[in-house]
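Number of protein chains: 2
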Amino acid sequence: MPATMHDVAALARVSVKTVSNYFNGYPYMRAETRARIERAVDELGYRLNVTARSLRRGSTGMISLIVPELDQAYFAELAQEVIDVAATFGLTVLVETTSGDRDRELEALSGLHRQLIDGAIFDPLALGPSDAPQLGGGLPLVILGERQFEGLADHVLIADEEVAHRAVSHLVEIGRRRILLLGAGSPGTHTAILRRRGSEAALAEAGLPVDGDLVVSTDGWTRDAGAAATARALDDGRRFDAVFGFNDALALGAQWVLLERGLAVPGDVAVIGVDDTRDARFAHPTLTTMSPGRAQIARRAVELLVSRIREPETENGFASVTADFELIVRDSTVAPGTLNSTP
Amino acid sequence: MPATMHDVAALARVSVKTVSNYFNGYPYMRAETRARIERAVDELGYRLNVTARSLRRGSTGMISLIVPELDQAYFAELAQEVIDVAATFGLTVLVETTSGDRDRELEALSGLHRQLIDGAIFDPLALGPSDAPQLGGGLPLVILGERQFEGLADHVLIADEEVAHRAVSHLVEIGRRRILLLGAGSPGTHTAILRRRGSEAALAEAGLPVDGDLVVSTDGWTRDAGAAATARALDDGRRFDAVFGFNDALALGAQWVLLERGLAVPGDVAVIGVDDTRDARFAHPTLTTMSPGRAQIARRAVELLVSRIREPETENGFASVTADFELIVRDSTVAPGTLNSTP
DNA sequence: TTGTAAGCGTTATCAA
DNA sequence: TTGATAACGCTTACAA
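Keeping their order, the protein sequence lines are chains A and B.
Just so we're aligned: 216 in the working numbering is position 216 of the first sequence, and the numbers increase by one with no gaps anywhere.
Just so we're aligned: 225 in the working numbering is position 225 of the second sequence, and the numbers increase by one with no gaps anywhere.
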């Protein structure tokens with residue numbers, strides 16, 4: 001049975017209030033009192049009981065990060081960043097995975113863990129605007145990526161249309177004309193719709209047609225799904241000289257199949273993704289990608305959440321910040337040694 | 001202000017104890033009482049306060065998983081498995097990352113989060129046997145991978161020597177003679193030492209010499225480190241026809257550099273790893289690897305931890321279970337179409 | 001600057 | 001089968 005604050009107080013010959021003050025950084029305390037407390041704490045090996053504190057305070061110092069799955073590089077890397085940033089605020093992160101399942105997303109927001117956390121950072125996959133009423137009921141919430149809930153919670157957004165536009169423009173600039181849009185297609189998440197819209201705008205600006213045959217759905221945004229869809233497109237005899245994977249996983253799956261089929265990347269088909277995961281750097285050839293500023297996303301998300309937790313009553317609207325993005329050109333679009341033919 | 005158990009009790013016209021019984025699956029209850037409680041719960045939207053329960057029970061229903069970093073595929077995939085298995089036991093997982101830093105490993109075991117958890121699953125990187133006294137002081141603990149603490153906690157082990165032996169034997173069977181051991185070398189974790197030992201045993205059995213030049217240290221077990229060390233070995237003019245990366249990340253880093261330098265895999269150099277991460281399946285060429293039975297590891301770890309939490313006083317020694325492993329042959333050692341020349 | 005005492009929302013003891 | 005009541009260990013008015 002571990003020592004309690006009462007034990008410390010008794011040994012230090014002060015009241016529990018004073019010991020509590022000590023642990024809460026209350027400044028007005030005689031140096032000698034402080035020293036006595038410190039000695040007692042050492043002697044007893046005392047550690048503050050966080051559960052009791054939480055019960056009394058009504059807050060836990062924990063936030064959850066709700067993502068589809070950890071074994072996708074993007075989410076694993078995001079989780080690591082969020083954990084690190086949260087730690088600088090003294091917050092502990094509970095990582096919840098949902099497999100993109102609607103019920104599990106709702107459960108993460110309003111289930112048993114609900115009262116274990118002071119707020120949540122949520123990367124929704126299945127939930128849509130019609131679920132808005134169930135969005136945690138007063139739980140401080142920051143939504144990542146999706147803009148469907150704007151006005152209902154704080155958001156950290158990716159400029160989906162612009163990112164897609166830039167990616168497709170890059171492919172056009174290196175001379176590609178028939179670009180497979182991998183991850184678009186019905187029904188499609190809101191993110192998918194926006195990235196498709198941006199892609200088609202870039203094609204239109206370049207005076208290129210949008211070929212419905214080259215707008216391809218995938219069953220999820222994983223390497224498996226990207227590989228399968230690309231294989232199908234090749235088997236169908238569709239012709240394309242570039243692939244825009246709506247995330248890195250899709251692009252890597254596509255690239256894998258292309259190489260497997262003996263096609264040259266980027267010689268025959270150029271490939272570009274989105275996310276700048278570590279996997280992109282270590283693909284062979286290395287994958288050109290749009291970096292969404294993951295570190296910035298994690299930082300802003302935690303900051304927004306912390307201020308929402310501290311001042312829940314700021315009813316004058318919710319914040320939406322959009323992260324910066326950047327084109328990272330690698331070998332999957334511009335072969336090394338090739339002089340970039342960009343005008 | 002959310003409803004409490006008292007509110008429910010009042011509305012259902014029973015005592016709080018009865019409501020508590022209801023939530024704890026106490027079987028002796030009249031159907032009508034149960035129905036009244038259920039109606040009151042619904043009406044009030046009542047949810048059990050986990051913090052209060054934890055305070056009263058002295059346990060939280062949370063366990064932590066302590067790993068070096070989530071953005072390594074192996075750990076991300078392991079975390080996902082552990083979270084899923086733990087959920088079947090009604091346990092919540094707190095994922096702690098340490099960067100393999102000694103202080104952070106100790107902090108995860110005995111810091112503030114210590115009392116937030118009922119036990120921990122720990123994949124140590126920096127801590128050694130000399131830290132044993134600090135191993136959580138009575139915290140139920142299951143250690144993964146490392147056998148250095150055997151006798152001090154429960155273990156779920158990988159058969160490091162046998163795994164390495166099998167990997168090297170496979171390379172020998174396909175005719176390789178000069179095998180780079182990537183990840184061995186001083187100082188080296190205990191795991192590294194065992195895998196090196198197993199590798200050298202396999203070489204010895206095959207009548208092959210152990211060339212010190214081919215035993216290569218890396219700065220961590222990441223793709224970056226694997227790439228850097230392999231590049232160095234090539235630059236030094238060391239000759240080898242195979243690489244055994246002590247994990248998939250190292251092997252993938254090596255493979256990446258080899259391809260970058262224009263060498264053929266497996267034509268010039270065969271590559272094999274350990275872990276069977278998803279990355280291995282999507283490398284190009286696909287990476288041959290030793291599967292350590294990750295699902296089994298996660299399941300056994302959680303099971304051991306749960307029984308240790310339930311019966312902390314089983315002082316008659318600690319359990320050590322060793323996971324099964326399996327060789328997964330892919331294209332990085334046996335090119336597709338090549339008839340396997342194994343005797 | 002420090003002390004007293006009343007909760008926070010459960011669960012456990014014991015009795016009925 | 002259910003009820004009254006005392007903890008669990010901390011924070012926080014309020015008092016001194």
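Quick reminder that beta carbons are idealized off the backbone N, C-alpha and C, glycines included.
{"query": "Start and end residues, alpha helix (DSSP H) containing Ile-309 of chain A", "result": "294-310"}
{"query": "Neighbour list for Leu-94 of chain A in chain B, Cβ cutoff strictly below 9 Å", "result": "Met-62, Thr-92, Val-93, Leu-94, Val-95"}
{"query": "Per DSSP, the bridge partner or partners of Glu-96 of chain B", "result": "B:Ile-66"}
{"query": "Rounded straight-line distance, which links the Cα of Gly-138 of chain B to that of Asp-42 of chain A", "result": "18 Å"}
{"query": "Simplified DSSP state of Val-216 of chain B, which is helix, strand or coil", "result": "strand"}
{"query": "Among A:Ala-204, A:Ala-270, A:Tyr-22, A:Arg-197, nearest to Phe-240 of chain A - alpha-carbon criterion", "result": "A:Ala-270"}
{"query": "Proximal residues to Leu-304 of chain A (C-beta, below 8 Å), its chain only, five neighbours per side dropped", "result": "Val-142, Asp-154, Val-156, Ala-319, Val-321"}
{"query": "Cβ of Thr-51 of chain B within 7 Å of any chain A Cβ", "result": "yes"}
{"query": "Best match in A:Arg-47, A:Arg-166, A:Ala-35, A:Ala-9 for proximity to Arg-197 of chain A [C-alpha to C-alpha]", "result": "A:Arg-166"}
{"query": "Rounded C-alpha distance that separates Gln-134 of chain A from Gly-119 of chain A", "result": "15 Å"}
{"query": "Nearest-angstrom Cα separation, counted from Arg-232 of chain B out to Glu-146 of chain B", "result": "29 Å"}
{"query": "Short CB-CB distance (under 7 Å) between Ala-79 of chain A and chain B", "result": "yes"}
{"query": "Helix, strand or coil at Ile-328 of chain A according to DSSP, with G and I counted as helix", "result": "strand"}
{"query": "Pick from A:Met-290, A:Arg-294, A:Ala-229, A:Glu-162 that is closest to Arg-330 of chain A, judged by C-alpha positions", "result": "A:Met-290"}
{"query": "For Thr-289 of chain A, three-class secondary structure by DSSP", "result": "strand"}
{"query": "8 Å Cβ shell around Phe-149 of chain A - same chain, five flanking residues per side excluded", "result": "Pro-124, Pro-129, Ala-132, Leu-135, Ile-143, His-155"}
{"query": "Helix, strand or coil at Val-156 of chain A according to DSSP, with G and I counted as helix", "result": "strand"}
{"query": "CA nearest to the CA of Phe-344 of chain B, picked from B:Glu-38, B:Ser-64, B:Pro-292, B:Arg-114", "result": "The first residue shown for chain B is 1 and the last is 343, placing residue 344 of chain B beyond what the model contains."}
{"query": "7 Å Cβ cutoff, Gln-134 of chain A in contact with chain B", "result": "no"}
{"query": "Stretch-stretch touch, CB-based, cutoff 8 Å, three pairs: the stretch 54-72 of chain A with the stretch 19-37 of chain A", "result": "no"}
{"query": "N- and C-terminal bounds of the alpha helix (DSSP H) containing Ser-20 of chain A", "result": "16-23"}
{"query": "CB contact below 7 Å: Arg-223 of chain A versus chain B", "result": "yes"}
{"query": "Residue-level contact to chain A via CB, Phe-282 of chain B, 7 Å cutoff", "result": "yes"}
{"query": "Closest by C-alpha distance to Asn-24 of chain A, when choosing among A:Val-50, A:Gly-45, A:Phe-246", "result": "A:Val-50"}
{"query": "Partner residues on chain B for Ile-83 of chain A, Cβ-Cβ distance less than 7 Å", "result": "Thr-97"}
{"query": "Top-ranked residue by Cα proximity to Thr-333 of chain B, from B:Ser-169, B:Arg-310, B:Thr-222, B:Glu-205", "result": "B:Ser-169"}
{"query": "Beta bridge counterpart(s) of Phe-122 of chain A as assigned by DSSP", "result": "A:Ile-66, A:Ile-143"}
{"query": "Chain A within 7 Å of Ala-76 of chain B, Cβ atoms only", "result": "yes"}
{"query": "Beta-carbon proximity check, Thr-218 of chain B vs Ala-225 of chain B, cutoff 7 Å", "result": "yes"}
{"query": "Per-residue DSSP class, three states only, for Ser-320 of chain B", "result": "strand"}
{"query": "Ser-341 of chain B, DSSP secondary structure in three states", "result": "Here the model assigns Ser-341 of chain B a pLDDT of 37, short of 50, so the residue's position is not dependable, and the following value carries that caveat. Three-state result, Ser-341 of chain B: coil."}
{"query": "CB contact below 7 Å: Ala-9 of chain B versus chain A", "result": "no"}
{"query": "Leu-182 of chain B vs Val-215 of chain B beta-carbon contact at 7 Å", "result": "no"}
{"query": "Where Gly-253 of chain A meets chain B, residues with beta-carbon distance less than 9 Å", "result": "Phe-282"}
{"query": "Which of helix, strand or coil DSSP assigns to Ile-179 of chain B", "result": "strand"}
{"query": "Chain-ordered chain B contacts of Glu-161 of chain A [CB-CB under 8 Å]", "result": "Within chain B, no residue comes near Glu-161 of chain A; the closest Cβ sits about 28 Å away, beyond 8 Å."}
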